[in-house]
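Under my numbering, the residues of the sequence shown are numbered 938 to 999, in order. Here's the structure we're looking at; comments come further down.
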Amino acid sequence: MYANLLGQKAYYHLTDEEMGKIIGVSRNTFSQKMKSGRFWPNECKAYCTYFNKSFEFLFATD
Numbered sequence: 938m939y940a941n942l943l944g945q946k947a948y949y950h951l952t953d954e955e956m957g958k959i960i961g962v963s964r965n966t967f968s969q970k971m972k973s974g975r976f977w978p979n980e981c982k983a984y985c986t987y988f989n990k991s992f993e994f995l996f997a998t999d
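Right, dumping it as structure tokens:
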């Protein structure tokens, strides 16, 4: 789902565990969120801040 978010993850060589830590969840929970596409607004904001990218970019579905 969110190709740009996964692209940033790959660019910075982050693991699922590290991506989970950014938003305060476990590796498993991060994986489930990526599959379902269900992120809370504060989690989206944390990724936008961490990667210094807009919400529209990171969470684009096209």
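Think of the CB as a built atom: it goes at the ideal place given N, C-alpha and C, for glycine as much as any other residue.
CA nearest to the CA of residue i, picked from the options
{"i": "Ile959", "options": "Thr998, Gln969 and Asn979", "result": "Asn979"}
{"i": "Met956", "options": "Asn989, Gly974, Phe996 and Ala983", "result": "Ala983"}
Where the alpha helix (DSSP H) through residue i begins and ends
{"i": "Asn979", "result": "Pro978 to Phe988"}
{"i": "Tyr948", "result": "Ala940 to Tyr948"}
Helix, strand or coil at residue i according to DSSP, with G and I counted as helix
{"i": "Phe996", "result": "coil"}
{"i": "Ser964", "result": "Per the sequence presented here, residue 964 reads as Arg, with Ser not at that position. Note: Arg964 maps to helix in three-state DSSP."}
{"i": "Ser973", "result": "helix"}
Alpha-carbon spacing of residue i relative to residue j, whole angstroms
{"i": "Phe967", "j": "Ser991", "result": "20 angstroms"}
{"i": "Asn941", "j": "Ala997", "result": "7 angstroms"}
{"i": "Gln969", "j": "Asp953", "result": "11 angstroms"}
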